[in-house]
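Here the protein sequences line up with chains U and R, keeping their order. First residue of the first sequence? That's 1 in the UniProt record's numbering, and the numbers climb one at a time after it. First residue of the second sequence? That's 1 in the UniProt record's numbering, and the numbers climb one at a time after it. All C-beta atoms in this analysis are idealised placements derived from N, C-alpha and C, irrespective of residue type, glycine included. Predicted, not measured: the structure shown is a model, and the values here were computed from it.
Protein chains: 2
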Amino acid sequence: MISVVLLGAGNVASHLYRAFKESANIDVLQWYSRSIDKISSYANDTHITDHLNDLKQADIYLLAVSDDAISKLSEKLPFDNRLVAHCSGSASIHDLDKKHQRAVFYPLQSFSKDADLTFSEIPICIEVLEKPNLKILQELASSLHCKTYKINTEQRQTLHLSAVFVNNFVNQLYRVAHEISDAKSINFDILKPLILETARKVQYMSPYMAQTGPAKRNDKKTIKRHLKLLENEQHKAIYELLTASIKKTHGQR
Amino acid sequence: MISVVLLGAGNVASHLYRAFKESANIDVLQWYSRSIDKISSYANDTHITDHLNDLKQADIYLLAVSDDAISKLSEKLPFDNRLVAHCSGSASIHDLDKKHQRAVFYPLQSFSKDADLTFSEIPICIEVLEKPNLKILQELASSLHCKTYKINTEQRQTLHLSAVFVNNFVNQLYRVAHEISDAKSINFDILKPLILETARKVQYMSPYMAQTGPAKRNDKKTIKRHLKLLENEQHKAIYELLTASIKKTHGQR
């Protein structure tokens, strides 16, 4: 049994809390938020507090707070030499106060308030400064049935950057397609199976192998027709830049 | 029972053939390809031919060939006033010879040779010149358990363009993330659940509502750090352009 004190009340904290509660191997001793209102609905479920001085002794203190808050909150914790991990993709492990045994427990997923997630599908990236803590964090992740990856700070920050490409930027391309099709009264639903299939394909095939379409074929006629259809200058610029990128990847000029 | 003669031997034709064979309501009378070798393995399964003069009488002639081949092939068909449909997202319905009853039967999906598709999830976009043919093509689609959408040429070409954004361009962003993470010896598998979740989210939520991340939040510190991490000039340009696009969509400057 691993005992955890969870700190923070945002999307990541809420998803972690629910996943922890479902595990028979994890005991959420306490949930801290400086705004007690945000977690008061859980008062019958676990010990909640907004006082750092009330924090109990636990195996792990997990900081699921915004990047900017990590440093100060870790400094204010009224104890030392205990295992304290943050959950950020981009904050340094050294943002944690050095009086602690410092670590990172980063679940790589996009956490929305409303989206229902299968937590066991989320990869957990782990970084530690004291080697024995690796095992404890791996056990915490495996109690959630998650795969774990041991990665260093530079790798984690690169992953966070890669996640912006495959999540935020990809989603913006969905948005652009939504705008383009809306302008011609086309139901966006028609594109949804293709969106899903495109994501499914790279689960078992490299993106390089999965590529198709006019840019890869260097089909100049279609590319020209598409550019003519695009009325928005920014959409046009995106089309041109990503077409050039595909051509470069696949050796066209 | 709808009788079909299928023409073409590419990915779309092969996937259509397999789906037709599974339907109790569709009879594939004949499969034509000018290169008989490509379909000869199906000789025990259906009538195959490479002679246009041998084509049998059918309810529908389906041209699943490249855009450039549609016009000539439809001209060479040795009959007139029968229902002839092409399967292209971008070719005009008028590319078909006017001696036929012309139509379009466009399955909006990315067809790879190796990918296993659930055909019933593919939306079929239908266009006809003679109204009564709409019903026949809708019946063909519903025999495959597909949803159908009646769309005109301009809408279909816009859909084809939108598909480039959500399929080819999205896949290229996967590729860029693969390059970025590979350079730091990061296992691309870590990003796969996020890729899938990003596509799943917009199945029930608009891309606008689904957006998160530094560009939407206008988190200048993170954006600056990301740009510094990017070594490739084209990757940098993609980051800047899509960040600007997200900011514009979400009213940031």
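Exercise. Between SER90/U and THR222/R, which are expected to be in contact by the criterion C-beta below 8 Å, what is the C-beta distance as a whole number of angstroms?
Worked result: In the first sequence, the residue the question calls residue 90/U occupies position 90. In the second sequence, the residue the question calls residue 222/R occupies position 222. Between THR222/R and SER90/U the Cβ distance is about 6 Å, and since that is below 8 Å, they are a contact.
Problem set entry | Contacts around LYS248/U, its chain only, beta-carbon distance under 6 Å, and the 5 residues preceding and following it disregarded | Along the first sequence, read from residue 1 onward, the residue named residue 248/U stands at position 248. Around LYS248/U: no qualifying Cβ.
Exercise. So who's on the other strand from CYS125/R, going by DSSP bridges?
Worked result: Within the second sequence, residue 125/R is the residue found at index 125, counting from 1. Per DSSP, TYR106/R and TYR149/R.
Exercise. For LEU63/R, which of helix, strand or coil comes out of DSSP?
Worked result: Counted from its first residue, the second sequence places residue 63/R at position 63. LEU63/R falls in the strand class under three-state DSSP.
Exercise. For the region 154 to 172 of chain R, which residues have a beta carbon sitting closer than 7 Å to at least one beta carbon of chain U?
Worked result: GLU154, GLN155, GLN157, THR158, LEU159, LEU161, SER162, ALA163, VAL164, PHE165, VAL166, ASN167, ASN168, PHE169, VAL170, ASN171 and GLN172
Exercise. What separation, rounded to the nearest whole angstrom, lies between the Cα atoms of GLU197/R and ALA177/U?
Worked result: Counting from 1 along the second sequence, the entry for residue 197/R is found at position 197. Counting from 1 along the first sequence, the entry for residue 177/U is found at position 177. The alpha-carbon atoms of GLU197/R and ALA177/U are separated by roughly 18 Å.
For this session: Taking ASN218/R as the query, report the chain U residues whose CB atoms sit under 9 Å from its CB, ordered along the chain.
Result: Taking the first residue of the second sequence as position 1, residue 218/R is located at position 218. Within chain U, no residue comes near ASN218/R; the closest Cβ sits about 13 Å away, beyond 9 Å.
Exercise. Which residues in the same chain have their Cβ closer than 7 Å to the Cβ of ARG82/U, if we skip the five residues on either side of it in sequence?
Worked result: In the first sequence, residue 82/U corresponds to position 82, counting from 1. Taken in chain order, the residues that qualify are TYR61, HIS100 and GLN101.
Exercise. Applying the criterion that 16 or more other CB atoms from any shown protein chain within 10 Å of the CB defines a buried residue, is HIS51/U buried or exposed?
Worked result: Start at 1 with the first residue of the first sequence, and residue 51/U comes out as number 51. Its Cβ having fewer than 16 others within 10 Å, HIS51/U is exposed.
Exercise. In chain order, which beta strand (DSSP E) runs of at least 3 residues are fully inside the region 137 to 181 of chain R?
Worked result: 148 to 150
Exercise. Shortest alpha-carbon distance to SER33/R belongs to which of LEU16/R, ALA215/R and ALA64/R?
Worked result: Mapped onto the second sequence, residue 33/R falls at position 33. Among LEU16/R, ALA215/R and ALA64/R, the Cα nearest to that of SER33/R is on ALA64/R.
For this session: Return the chain-ordered ranges of every beta strand (DSSP E) run that is complete within the region 9 to 54 of chain U and spans a minimum of 3 residues.
Result: 26 to 32
Problem set entry | Neighbourhood of ILE39/U by C-beta, 7 Å cutoff - its chain only, sequence neighbours within 5 removed | Counting from one through the first sequence, the residue named residue 39/U turns up at place 39. Once the five neighbours on either side are set aside, the close Cβ partners of ILE39/U are ALA9, TRP31, SER33 and ILE48.
For this session: Apply the 10 Å Cβ neighbour rule to ASN53/R and answer buried if 16 or more other Cβ atoms are within range, or exposed otherwise.
Result: Stepping through the second sequence from its first residue, residue 53/R is reached at position 53. With fewer than 16 other Cβ atoms within 10 Å, it is exposed.
For this session: Note down, in chain order, each residue of its chain lying with its Cβ closer than 6 Å to the Cβ of PHE119/R, except the 5 sequence neighbours on either side.
Result: Here residue 119/R corresponds to residue number 119 of the second sequence, with the count starting at 1. Result list for PHE119/R: ALA19 and LEU144, in chain order.
For this session: Step through the CB atoms of chain R and report whether any lies within less than 8 Å of the CB of ARG225/U.
Result: Along the first sequence, read from residue 1 onward, the residue named residue 225/U stands at position 225. Yes - at least one Cβ of chain R is within 8 Å of the one on ARG225/U.
For this session: Tell me whether the beta-carbon of ALA103/U lies closer than 8 Å to the beta-carbon of ASN152/U.
Result: If you number the first sequence from 1, residue 103/U lands on position 103. If you number the first sequence from 1, residue 152/U lands on position 152. Cβ distance not < 8 Å, so ALA103/U and ASN152/U don't count as in contact.
For this session: Classify PRO78/U as buried or exposed, calling it buried when 16 or more other Cβ atoms lie within 10 Å of its own Cβ.
Result: Here residue 78/U corresponds to residue number 78 of the first sequence, with the count starting at 1. Counting Cβ neighbours within 10 Å, PRO78/U comes out exposed, since fewer than 16 surround it.
Exercise. Comparing the C-beta of GLY213/R with each C-beta of chain U, is any distance below 8 Å?
Worked result: The sequence position of residue 213/R within the second sequence is 213, counting from 1. It does: the Cβ of GLY213/R has a partner Cβ on chain U nearer than 8 Å.
Exercise. Which chain R residues sit within Cβ distance under 9 Å of LYS113/U?
Worked result: Mapped onto the first sequence, residue 113/U falls at position 113. Those do not exist, as LYS113/U stays about 10 Å from chain R at its closest Cβ, beyond 9 Å.
Exercise. Nearest to ASN11/U by CA position, among LYS228/U, SER110/U and LYS192/U, is which residue?
Worked result: On the first sequence, residue 11/U is found 11 positions in, with the first residue counted as 1. Ranking the options by Cα distance to ASN11/U, first place goes to SER110/U.
Problem set entry | Minimum Cβ-Cβ distance from SER14/U to chain R less than 8 Å | For this step, residue 14/U is matched to residue 14 along the first sequence. Not one chain R Cβ lies under 8 Å of SER14/U.
Problem set entry | CB-CB length for TYR17/R against VAL28/R, believed under 8 Å | Here residue 17/R is taken as the residue at index 17 of the second sequence, counted from 1. Here residue 28/R is taken as the residue at index 28 of the second sequence, counted from 1. Contact holds; Cβ gap of about 7 Å.
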